[in-house]
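Below is one structure; the comments refer to it alone.
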Amino acid sequence: MKKLTRALALCVVLALGACALTGCAPSPGSSGGASAGGASSDASAPSGPISVYAREDGSGTRGAFIELFGIEQKDASGQKVDLTIPSAAITNSTAVMMTSVASDPNAIGYLSLGSLDDTVRALSIDGAEPTAANVKSGVYQIARPFNIVMTEDASPAARDLAAFIMSAEGQAIVEENGYVSVAEGDSYVPSGMEGKVVVAGSSSVTPVMEKLAEAYRAANPGMTVEVQQSDSTTGVNMALEGTCDIGMASRDLKDEEKGAGAQATVIAQDGIAVIVSQESSIDDLSTEQVMEIYTGAITNWDDLI
Amino acid sequence: MNSSALREGTARVLFSAAAAVSVVAVVLICLFLFVNGVPAMAEIGVPEFLLGAIWRPANGLYGIFPMIVGSIYVTVGAVIVGVPAGLLCAIFLSRFAGARMAMLLAPGVELLAGIPSVVYGFFGLIIMVPIIRGLAPGHGPSLLVAALLLGIMILPTVITVARNALDAVPRRYYEGALALGADHERAVFCVVVPAAASGLLAAVVLAVGRAIGETMAVIMVAGNQPVIPGSLLDGVRTLTANIALEMGYAAGLHREALVATGVVLFVLILLITLFLNAARKRGGR
Chain A
3 MKKLTRALAL CVVLALGACA LTGCAPSPGS SGGASAGGAS SDASAPSGPI
53 SVYAREDGSG TRGAFIELFG IEQKDASGQK VDLTIPSAAI TNSTAVMMTS
103 VASDPNAIGY LSLGSLDDTV RALSIDGAEP TAANVKSGVY QIARPFNIVM
153 TEDASPAARD LAAFIMSAEG QAIVEENGYV SVAEGDSYVP SGMEGKVVVA
203 GSSSVTPVME KLAEAYRAAN PGMTVEVQQS DSTTGVNMAL EGTCDIGMAS
253 RDLKDEEKGA GAQATVIAQD GIAVIVSQES SIDDLSTEQV MEIYTGAITN
303 WDDLI
Chain B
216 MNSSALREGT ARVLFSAAAA VSVVAVVLIC LFLFVNGVPA MAEIGVPEFL
266 LGAIWRPANG LYGIFPMIVG SIYVTVGAVI VGVPAGLLCA IFLSRFAGAR
316 MAMLLAPGVE LLAGIPSVVY GFFGLIIMVP IIRGLAPGHG PSLLVAALLL
366 GIMILPTVIT VARNALDAVP RRYYEGALAL GADHERAVFC VVVPAAASGL
416 LAAVVLAVGR AIGETMAVIM VAGNQPVIPG SLLDGVRTLT ANIALEMGYA
466 AGLHREALVA TGVVLFVLIL LITLFLNAAR KRGGR
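Laid out in structure tokens, this is it:
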């Protein structure tokens with residue numbers, strides 16, 4: 003009993019200490035908005051070495067980013083080489099990326115537009131603000147498709163879910179979550195089917211897929227939808243093997259995947275936002291400047307202007 | 216008679232099955248690692264794999280030398296940070312602290328051991344990385360933060376094992392020293408601590424094992440660049456981080472190369488365990 007009280011007292015002391023620590027830290031997101039419109043008043047021009055943050059090799063976000071900014075280039079033998087500067091810090095998730103960039107005034111990073119929040123600031127690229135509207139109109143060109151993947155012999159239930167995603171209701175959910183809708187579908191008519199659909203794949207597509215699955219279940223109480231998060235490659239492979247009914251991929255399909263019978267449907271477009279800390283006054287970079295930063299041609303913020 | 220023999224037999228089977236689980240697990244893991252990893256190593260070429268400086272799987276370059284060096288750097292750093300503090304804390308707990316103090320400290324150490332590594336990583340990311348960045352602008356996630364964080368993480372291992380070793384030193388050693396005229400400090404540091412040396416060594420070796428195997432916390436604060444760090448403030452990627460970062464995406468030879476990375480890690484840890492056993496034997500003599 004005595005030991006227990008002591009342990010409790012220790013916990014209280016630790017908790018108080020933790021509160022004191024967090025109290026000192028500046029509260030994130032206290033200034034500025036999510037969009038790149040106008041720097042906050044306490045922002046200062048970053049100077050000094052650029053801290054480049056990237057995602058891990060193989061991540062769908064990284065794949066799309068290096069392709070769209072021309073960081074992936076062909077070498078003399080015609081092989082595609084990812085030229086991301088080797089000294090770039092690698093973060094293994096969107097959350098770690100945001101936290102790292104938010105606390106580092108000299109940082110630059112990138113993430114899915116749908117995951118963006120106001121702890122960091124998204125830059126305009128070539129003058130175009132990264133918003134869902136701009137991605138849709140094609141003004142902001144740094145975007146990638148979200149795909150669902152099925153095979154020839156997909157179950158009727160899976161096809162019905164796909165129909166729901168492409169319907170007016172499904173596409174409205176896509177828009178609500180910060181992504182860009184791709185179809186002006188008709189209204190969805192509940193099929194009244196019963197059964198189970200397993201959806202698996204990309205961690206970038208998973209959040210919006212969960213919202214879609216929830217709405218679909220509400221429309222069809224007899225259906226169960228299971229969403230499993232892994233990555234694009236695994237999702238496509240599982241769909242091909244029949245381990246899941248629908249695969250999710252945050253990139254275009256590779257030729258060998260198409261050859262194996264995978265059929266992709268684009269369900270949404272997702273912008274990729276280039277982000278800096280709220281404390282940074284940088285608003286706008288050109289595609290070429292981003293490319294030069296990520297390939298190491300520019301390593302200091304002072305060299306940018 | 217018959218039923219008791221049956222009971223005896225059942226119990227025997229049950230207990231040997233339970234005992235076999237861990238052995239079977241080790242054997243299966245070894246088998247998996249070597250069957251999948253060794254052919255990849257052969258395909259890449261052992262020298263190219265172990266000593267290659269460039270890791271770029273998309274272009275067929277699989278050099279894990281930076282990661283081997285990274286793992287060693289981070290582990291050595293963690294030992295430098297954590298072992299002196301841990302050993303002194305263990306000596307304090309075992310020989311100097313009053314009953315009240317020990318009752319306050321011991322649960323603290325136990326709590327430290329119970330914190331999940333992802334929470335340590337988050338602490339490092341939110342608190343330690345910005346502090347280091349404040350001291351040295353332009354850097355943040357780095358070898359230094361990883362070593363400091365791991366130093367904290369190995370403290371409970373070092374303290375618990377070392378304290379047990381110190382407590383196990385026979386009381387007559389200490390009393391004999393006092394009888395010969397040594398004071399308390401002298402008796403502890405010149406008699407008790409040397410007598411517990413093999414146990415203290417075991418504490419250090421276990422801590423090294425813990426540090427080299429840690430993954431989650433390191434990924435969050437180390438920067439993970441597959442480059443040999445030039446300074447304490449450069450980022451570093453460890454063997455474990457290399458596997459965890461890329462396993463989800465890897466296919467074909469890339470995947471096998473990651474398993475081969477696991478083989479290298481496994482051999483490193485095996486060597487550490489062998490060293491531990493050798494040290495224990497020497498202590499037992």
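Chains as they are written, first to last, in my numbering: chain A, 3 to 307; chain B, 216 to 500.
Here a beta-carbon is modelled for each residue, glycine too, at the ideal position from N, C-alpha and C.
Nothing here was measured: the structure is a model prediction, and the numbers come from that model.
### Task
Would you mind working out which of 478(B), 363(B) and 224(B) sits nearest residue 455(B), comparing C-alpha positions?
478(B)
#### Entry: the stretch 329-342 of chain B touching the stretch 383-393 of chain B, judged by at least three CB pairs closer than 8 Å
no
### Task
Go through the stretch 399-430 of chain B residue by residue and report every complete run of the alpha helix (DSSP H) that reaches 4 residues or more, in order.
399-402 and 412-428
#### Entry: The beta strand (DSSP E) enclosing residue 149(A), as first and last residue numbers
145-152
### Query
Ends of the alpha helix (DSSP H) at residue 229(A)?
Taken as a continuous stretch (DSSP letters only), residue 229(A) belongs to no alpha helix (DSSP H), being part of the beta strand (DSSP E) at 225-232.
### Message
Contact between the stretch 251-259 of chain A and the stretch 184-200 of chain A is defined here as three or more beta-carbon pairs at a separation below 8 Å; is this criterion met?
### Response
no
### Message
Can you determine whether any heavy atom of the ligand HEM sits closer than 6 Å to the C-beta of residue 261(A), and answer yes or no?
### Response
Within the structure as shown, the ligand HEM is missing, as the structure has no ligands at all.
### Query
When DSSP labels each residue in this structure, what does residue 464(B) get in the three-state scheme?
coil
### Message
Only counting the same chain, and skipping five residues up and downstream in sequence, which positions put a Cβ closer than 7 Å to that of residue 306(A)?
### Response
291 and 300
### Query
In three-state terms, what does DSSP make of residue 267(A)?
strand
### Task
Could you check the C-alpha separation between residue 144(A) and residue 489(B) for me, to the nearest Å?
53 Å
### Task
Quick one: which residues of the stretch 460-475 of chain B get their C-beta closer than 9 Å to a C-beta of chain A? List them in chain order.
460, 461, 463, 464, 465, 466 and 469
### Task
Pick out whichever of 347(B), 476(B) and 342(B) has its Cα sitting closest to the Cα of residue 285(B).
476(B)
### Query
For residue 282(A), which of helix, strand or coil comes out of DSSP?
strand
### Query
Using a beta-carbon distance below 7 Å, is residue 229(A) in contact with chain B?
no
### Message
Could you compute how far the alpha carbon of residue 262(A) sits from the alpha carbon of residue 235(A)?
### Response
13 Å
### Message
Between residue 151(A) and residue 269(A), how many whole angstroms is the CB-CB distance? I'm expecting something under 8 Å.
### Response
Not confirmed; about 10 Å, so no contact.
### Query
When the cut-off is 7 Å and only beta carbons count, does residue 103(A) lie next to chain B?
no
### Task
Step through the CB atoms of chain B and report whether any lies within less than 7 Å of the CB of residue 180(A).
no
### Query
Counting only beta-carbon atoms, is residue 92(A) nearer than 7 Å to chain B?
yes
### Query
In terms of residues, what are the limits of the beta strand (DSSP E) holding residue 93(A)?
91-93
### Query
Should residue 213(A) and residue 179(A) be called a contact, given that it needs their Cβ atoms to be closer than 7 Å?
yes
### Task
Name, in chain order, the residues that DSSP records as bridge partners for residue 271(B).
276(B)
#### Entry: Within chain A, the residues that residue 312(B) reaches when beta carbons sit closer than 7 Å
Those within 7 Å of residue 312(B) in chain A number zero; the least Cβ separation is about 14 Å.
### Message
Only counting the same chain, and skipping five residues up and downstream in sequence, which positions put a Cβ closer than 6 Å to that of residue 361(B)?
### Response
289, 433, 436 and 437
### Beta carbon proximity, residue 274(B) to chain A, threshold 7 Å
yes
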